[in-house]
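Just so we're aligned, residue 27 is where the sequence shown starts under my numbering, counting upward by one.
Every residue gets a Cβ at the ideal spot worked out from N, C-alpha and C, and that includes glycine.
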Amino acid sequence: MKILKIPSRQGWCNSFLLYDNGKGVLIDCASASVFNVCKEAGVEVCAVLLTHGHFDHVGGCKAFYDAGVPIYCGEKEKDLIFSKEYLGIFGGVYVPEFKIARTLKDGEKFEICGVEFEVMLMPGHTAGSICYKTDRAIFTGDTLFAGSIGRCDLPTGNAQELKNSLKKLNKIDRNYILYCGHGEDTTLDREKKFNPYLREL
Numbered sequence: 027m028k029i030l031k032i033p034s035r036q037g038w039c040n041s042f043l044l045y046d047n048g049k050g051v052l053i054d055c056a057s058a059s060v061f062n063v064c065k066e067a068g069v070e071v072c073a074v075l076l077t078h079g080h081f082d083h084v085g086g087c088k089a090f091y092d093a094g095v096p097i098y099c100g101e102k103e104k105d106l107i108f109s110k111e112y113l114g115i116f117g118g119v120y121v122p123e124f125k126i127a128r129t130l131k132d133g134e135k136f137e138i139c140g141v142e143f144e145v146m147l148m149p150g151h152t153a154g155s156i157c158y159k160t161d162r163a164i165f166t167g168d169t170l171f172a173g174s175i176g177r178c179d180l181p182t183g184n185a186q187e188l189k190n191s192l193k194k195l196n197k198i199d200r201n202y203i204l205y206c207g208h209g210e211d212t213t214l215d216r217e218k219k220f221n222p223y224l225r226e227l
């Protein structure tokens with residue numbers, strides 16, 4: 027399984043395409059340009075998995091929704107995506123409308139296109155933020171970045187919940203590759219050693 031990192035042209039979030047043999051799964055979708063990148067790569071996207079519902083992670087979902095691709099998110103995030111609180115961020119943002127096909131629970135395991143995922147509910151950045159764990163990687167969304175963490179001062183954010191979520195990551199023994207919602211990729215061992223927010227736990 028290959029992983030293609032798709033940075034948003036607007037400088038927003040990273041989207042990640044996991045693919046093999048012409049089929050794949052997309053994690054987060056910053057803008058409509060992501061749809062074209064997947065098409066140009068010759069990959070049929072079977073599902074879009076959202077880490078949370080902020081505009082910079084879901085702004086391009088409509089293109090996939092219109093193409094019949096199911097979109098998943100955490101069960102606590104579904105009703106927040108188009109809420110007045112989320113759409114009012116930074117004075118108001120626009121998200122083309124789409125619908126969620128399936129919600130995911132903490133600890134749930136499922137398989138798409140030959141990739142097995144485990145859902146980790148990680149509230150703090152938002153109430154329904156989740157990370158996706160595979161056999162060798164964790165897609166952290168805005169919970170954890172290389173050397174930093176996601177902010178918790180936006181609607182439904184909570185500093186103590188984010189700290190508790192970071193503790194869950196800190197307890198994992200295996201050195202997973204971390205694919206973050208913004209910035210560079212990293213590893214869990216590296217963050218445990220150098221990220222001040224993990225080191226203080």
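Closest by C-alpha distance to PHE90, when choosing among VAL51, ILE115, GLU101 and THR77: VAL51
DSSP three-state assignment for PRO222, whether helix, strand or coil: helix
Within 9 angstroms, strictly: CB atoms of PRO222 and LEU188: no
LYS125, DSSP secondary structure in three states: coil
Cα-Cα separation between CYS23 and GLY48, rounded to whole angstroms: Outside the shown range of the chain (27 to 227) lies residue 23, about which nothing can therefore be said.
Cβ separation of PHE165 and GLY209, assumed to be a contact under 8 angstroms, to the nearest whole Å: No, PHE165 and GLY209 are not in contact; Cβ-Cβ is about 13 angstroms, not under 8 angstroms.
Straight-line Cα distance separating LYS65 from HIS80: 24 angstroms
Best match in ILE53, ASP92 and VAL121 for proximity to PHE106 [C-alpha to C-alpha]: The displayed chain sequence assigns Leu, not Phe, to residue 106. Comparing Cα-Cα distances from LEU106 to each of ILE53, ASP92 and VAL121, the minimum goes to VAL121.
Residue nearest to GLY176 in terms of C-alpha spacing, selected from LYS193, ARG162 and CYS206: CYS206
Limits of the alpha helix (DSSP H) - the one that LEU188 falls within: 185-196
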